[in-house]
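In my numbering, the protein residues as written are 2 to 677.
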């Protein structure tokens, strides 16, 4: 590996790596809930199972697709041309952006606000760009006919923020409405739900595989891989997966569900579609109490320490997010008002929901794995598939939001320049992907509870509809090069299915209002916070920059001295010819003026490097002395004076042709020199 171009800024790479990890942790604790929140909220899987699935598919999405989205986030917001001469300042700005996004998202996660990682990092980048170069440093709307809409920068991103939740809500409502009409409200809903599984797998897998081929393989293989080829290959893979589901998976699901029903026949008869909420929560509480009291105390201090550390590390995956249904009367009433469906049908949709959640995380895996998890907490077998799709989609989109800034910092350290397009090293992507999973496992239960339980009643069928719509919107937007927020997409999807139970009574509008305020606040807080932190850094005296300035001052001063010395020697070489009266353009007054000017400039130039006073030198002072020295050459050189001949004692020709001054025989100077 070649030596770094800017080794003095290694500390920026280290600080950037820590900040990127922190931002990834906060994103995992907040946005990852979008992918699995519905599945956990619907009780299709547990939060601990969601963490394992997120770890697997988040890394998959990040490795395959995360490096693509990086370019849009890192290079499409702040105009790189403004930082071309000072790439280290851009690197410092990225460190500030990652840190502020980490702090804001971490605070919001503790409060349960599901804010957007996309908004956080974009707002932070806008903040340091505005602080450095004003409005001209931000790419608001740069024309790009290859994009849709045909612009790049901030304006299309803002438009996508408005369109994404509305579009996702509409798609989710449509999917749930069709599912409810075709399956859930039928007498044989449980049997019909099984036949929904293969076509749902077909559609979901085709969407995700096509996304992988067009975003990953198309860029890697170039002309060898076309969109048409990606489409039919995706269709074949999806058809094979759907066939495998019908022949192998469906019988296994039937066998497993039959076994469970046989073991709890009486409980299955008494339970309604979503069951008695009090019984559900009591069951969770009993299991938690039994788990807590299952292990006897150990006399070994190391075992006790290990057990305590393990419980602390895994605490976030064992929190009962459904306890709020018992503790909050409004949430309990919200859940009670929702329409109930056949529990067997809902269990089938639970498997689908988990897969769709994984798809969201995979495609959006740069930072929003957490939002998907909130949807999964509801219940059933059909959500597993949709949850997987959510995670898959998530993994491709948001890892780039932390890997992109980190890759830019590392690229500047290594190459000393600012690249408009980056292919981040794998370690940059790994930092973000690992941080996402850690954030979800340790702190994700806050947002999971808010999104998966408190916003609306989520059953597996509802969660599947919300997640499938989210995955579809995210993938289409990413295909068009538009950064999307899975936070807003999944929230829109949940609101969409909630409104199907009543636009007024099916959604916790008070909570949604707080969420909306947090979305707006995210942009402004990150802009102002990053601008303030960035300004403190760039307007603070720097040892590194100070050393560079001193080196430039010394270099310019030495150059000025060399020019003055050469010019003075040129004057001396003309002295004999001038005394003989053959240089009509120079009179004694001019000679005296030139000598005085040279002496004055030389004195000022010596002050630049002199130790007297040890005072700071203004750049204008150094540049003025250099400009004056160059001006002397420009105004008094052989070229300007028009001396096409030289005389003895004035060897100012490259070919050293001279003439005898006493006989006044002139020799043509073919190539006159400025200095001797």
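C-beta: ideal position from N, C-alpha, C; glycine also.
None of the values given here were measured: they were computed from a predicted structure.
- Rounded to the nearest whole angstrom, the C-alpha separation of residue 447 and residue 515 is 15 angstroms.
- With 16 or more other Cβ atoms inside 10 Å of its own Cβ, residue 444 counts as buried.
- In this model, residue 128 and residue 450 are separated by some 31 angstroms (Cα to Cα).
- Out of 338, 509, 430, the CA that lies nearest to the CA of residue 457 is found in 509.
- When the beta-carbon positions are compared, residue 247 and residue 207 stay at least 7 angstroms from each other.
- With contact defined as three or more Cβ pairs closer than 8 angstroms, the stretch 43-54 and the stretch 132-141 are not in contact.
- Short of 7 angstroms from the beta carbon of residue 340, and not among the five residues preceding or following it, lie these beta carbons of its own chain, in chain order: 502.
- Taking one beta carbon from each stretch, the stretch 180-196 and the stretch 342-352 have 3 or more pairs nearer than 8 angstroms; the two touch.
- Bounds of any alpha helix (DSSP H) do not take in residue 458, whose DSSP letter is neither H nor E.
- The bridge partners DSSP lists for residue 86 come to none.
- Three or more Cβ pairs closer than 8 angstroms define a contact, and the stretch 522-540 meets that threshold against the stretch 85-100.
- If you check the CB distance, residue 322 and residue 454 come in under 7 angstroms.
- For residue 233, the secondary structure class from DSSP, reduced to helix, strand or coil, is helix.
- Scanning its chain for C-beta atoms nearer than 8 angstroms, with the 5 sequence neighbours on each side dropped, one finds around residue 432 the residues 18, 21, 22, 25, 403, 404, 407, in chain order.
- Burial state of residue 336 is buried, judged by a 10 Å Cβ sphere holding 16 or more other Cβ atoms.
- Cα atoms of residue 198 and residue 180: separation of roughly 11 angstroms, rounded to the nearest angstrom.
- In the structure shown, residue 107 falls within a helical segment according to DSSP collapsed to helix, strand and coil.
- Between residue 429 and residue 121, the C-beta gap is not smaller than 7 angstroms, which leaves the two residues out of contact.
- Contact between the stretch 78-90 and the stretch 488-503 is absent: fewer than 3 CB-CB pairs across the two stretches fall below 8 angstroms.
- Here the alpha carbon of residue 554 sits roughly 36 angstroms from the alpha carbon of residue 101.
- Each residue's CA atom was taken as its position, placing residue 116 and residue 163 some 14 angstroms apart.
- 474 is the residue among 474, 489, 605, 559 whose C-alpha sits nearest the C-alpha of residue 172.
- Assignment of residue 244 by DSSP, reduced to helix, strand and coil, places it in the helix class.
- Across the structure, residue 27 and residue 312 are spaced so that their CA atoms are roughly 21 angstroms apart.
- Take residue 489, set aside five residues on each side of it, and the residues of its chain with a beta-carbon closer than 7 angstroms to its own are 117, 162, 165, 166, 520, in chain order.
- The Cβ atoms of residue 540 and residue 14 do not sit closer than 7 angstroms to each other.
- Annotation for residue 252: the continuous alpha helix (DSSP H) segment containing it runs 251-264.
- In the three-state scheme derived from DSSP, where H, G and I count as helix and E and B as strand, residue 566 is classed as helix.
- Counting along the chain, residue 523 sits inside the alpha helix (DSSP H) bounded by residues 510-539.
- Here residue 318 is near residue 52, since their CB atoms are less than 7 angstroms apart.
- Per DSSP, residue 22 is one residue of the alpha helix (DSSP H) stretching across 11-31.
- About 7 angstroms separates the beta carbon of residue 327 from that of residue 333, a gap short enough to meet the 8 angstroms contact definition.
- Residue 428: member of the alpha helix (DSSP H) spanning 427-444, first to last residue.
- For the pair residue 238 and residue 210, the Cα-to-Cα distance works out to about 8 angstroms.
- In this structure, DSSP gives residue 304 a helical state, which the three-state scheme calls helix.
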